[in-house]
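Below is one structure, written out as structure tokens; comments come after it.
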RNA sequence: GCCGAUGUAACUCAGUUGGUAGAGUAGCUCUUUCGUAAAGAGCAAGUCGUGAGUUCAAAUCUCACCAUCGGCUCCA
């Protein structure tokens, strides 16, 4: 398995050499940077100077690649001294930078040559390029900063994919097509869940009635679960004065990602980008006793962040968001248990939604990055260890990542892979040892003394509504389980004379809290079935003469999958639908 | 924000070398009243993303801006 992975990676990396060779023949003045394999393919970065490259150039480049390929029988390794290496790249600052770095510890650097093309490279290629590299395709062109730093010049990155056989290449494209059908933006429109309007603003979601039902159902679930878990709910405004965010310390760190202030006669107000300062203020409202800890304040808090316009994407990345937020205030000795319970709750939620393919990430600080992180090494070390222990004790899959923490403490992120393979952070559980000092959080301990050692856990197991629902849409491919379905059953009268009976059943079901409609358009029954199925309504109730017996009203029930459940009485319909709602299946 | 692409009716899309727009679906009206995935006819619907410019004439050419999509950086 691992061997396979390496082979594929070698193949892709080799294809990136071929791409570079073709580009260098077509644009001799281009400067090469780097060209690694990625999870699904490869890319190569170039500096084309003033020349513009677009996807229109791909056929030309691909043709050149195929033209060069037969002359590539092997990858031949050669070692050059720094001096010799630099001579290969006159006027190429990128390669020279790399050579300088590589030769700090080593005398020589390695080059790989195939055909007439050679390039600085540490290796990892296929054996017989001319035979193996045939099945590739260039995918897209993108800008990418040199070494991933936005202060560096932007290079032109060409992405491609490469497989061992034509079949695998085709399969890959089929998979992408399938993913497109599930895209939450497409389904969001087809199922009338939400939209974004230019006049409202980009990244600001307008939830339609159908989408709001899903949102509300999730919120109900969360309120119930968190009440059981000892949370209390609070409700706070979406804006606050500058003083609050100065006190919290967010302003210097987050100013760029906050909407600019509104200047009022009594000071500057900001739309909040996070809920914690408000919650901390609630904590401070009156003196706390040790008996009140842990205190768990929960709120579906709405925040606004001025995210870079180029990063916005449907529901996945927005500017106005509502989080399944809560803050837990606890003593140092309570951290572990509280953290553990939050992770358990998170896993319980995911189980309900049938989400299984996720993993945890222990996001740690980096002691060298003093600009980003508060300077309390002891707390960092201590808390990171606690979080690690929790993850180990729960025996869950997790990785550790340097330099991913929040400025105030380490966190555990829940990572997911989106339908197109992009890794996304779903939930986050963060430990905060900065708030106590900033806000002067404290409690009165058993001895009647004030204790300032209050730790805060920020947690949003279901992330923000917007992002979470995007995941659900794609996860279910729009076929929501009954409890989340905007419409749970559509009654379909065959002819107009059956509308009255259908309305009677509708009233009976609605009284039981079931979301039900009657399709009373003068369309054919077939057409109504088709429309309701396309809207992915879980149950359809067909009503004709057979079902409209005044003394014993029934409907013939059919699922969106086409399964026939037979002619059911009102009671049986209610029973069946409610059963599925309760199962949350 | 940066790199590249895209923007025509509510939706999906046509629109040749510049001569001011068309289809299907949805909507509305009428006809049809039907047994498990599309009945028929008619009507209405567009400042061709927005604003400038070139031209006798711009959906089409130029520029700027706005929005969307794929990446980069960032991030829930």
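Numbering (the working numbering), first residue to last: 1055 to 1639.
For each residue, glycine too, the CB sits at the ideal point set by N, CA and C.
Residue state for residue 1384 is assigned as strand, using DSSP reduced to three classes.
A Cβ-Cβ distance of about 5 Å is found for the pair residue 1122 and residue 1075, placing them in contact under the 8 Å criterion. Between residue 1394 and residue 1444 a beta carbon distance of about 5 Å is seen, short of the 8 Å cut, so the two are scored as contacting. Of the residues 1564, 1550, 1377 and 1439, the one whose Cα lies closest to the Cα of residue 1270 is 1377.
Residue 1167: member of the beta strand (DSSP E) spanning 1162-1168, first to last residue. In the structure shown, residue 1261 adopts extended strand secondary structure according to DSSP, grouped into three states.
In its chain, beyond the 5 residues on either side, 1608 have a beta carbon closer than 6 Å to the beta carbon of residue 1623. For residue 1512, DSSP records a beta bridge to 1381 and 1484.
Going by beta carbons, residue 1497 and residue 1341 fall inside the 9 Å limit. Looking at the DSSP output, residue 1587 shares a beta bridge with no other residue. For a cut-off of 8 Å, the C-beta gap from residue 1571 to residue 1597 is around 13 Å, too long to register as a contact. In the three-state DSSP reduction, residue 1404 falls in the helix class (H, G or I). The C-alpha of residue 1327 lies about 30 Å from the C-alpha of residue 1344. Note on geometry: alpha-carbon atoms of residue 1146 and residue 1085 lie some 6 Å from one another. Per DSSP, residue 1201 lies in no beta strand (DSSP E) segment and is marked neither H nor E. Rounded to the nearest angstrom, the gap between the Cα atoms of residue 1093 and residue 1069 is 14 Å.
Measuring C-alpha to C-alpha distances from residue 1372 to each of 1521, 1200, 1320 and 1190 identifies 1521 as the nearest. If you draw a straight line from the Cα of residue 1161 to the Cα of residue 1100, it is about 27 Å long. Distance from the CA atom of residue 1244 to the CA atom of residue 1635, rounded to whole angstroms, is 23 Å. Listed in chain order, the beta strand (DSSP E) runs fully inside the segment 1105-1138 are 1130-1135, counting runs of at least 3 residues. Here the alpha carbon of residue 1233 sits roughly 15 Å from the alpha carbon of residue 1368.
Within the model, the alpha-carbon separation for residue 1350 versus residue 1239 is close to 35 Å. Under the DSSP assignment, residue 1597 falls in the beta strand (DSSP E) whose first and last residues are 1593-1597. Using a C-beta cut-off of 8 Å, the segment 1422-1439 makes contact with the segment 1479-1488, since at least three inter-stretch Cβ pairs fall below that distance. Boundaries of the beta strand (DSSP E) around residue 1216: 1208-1217.
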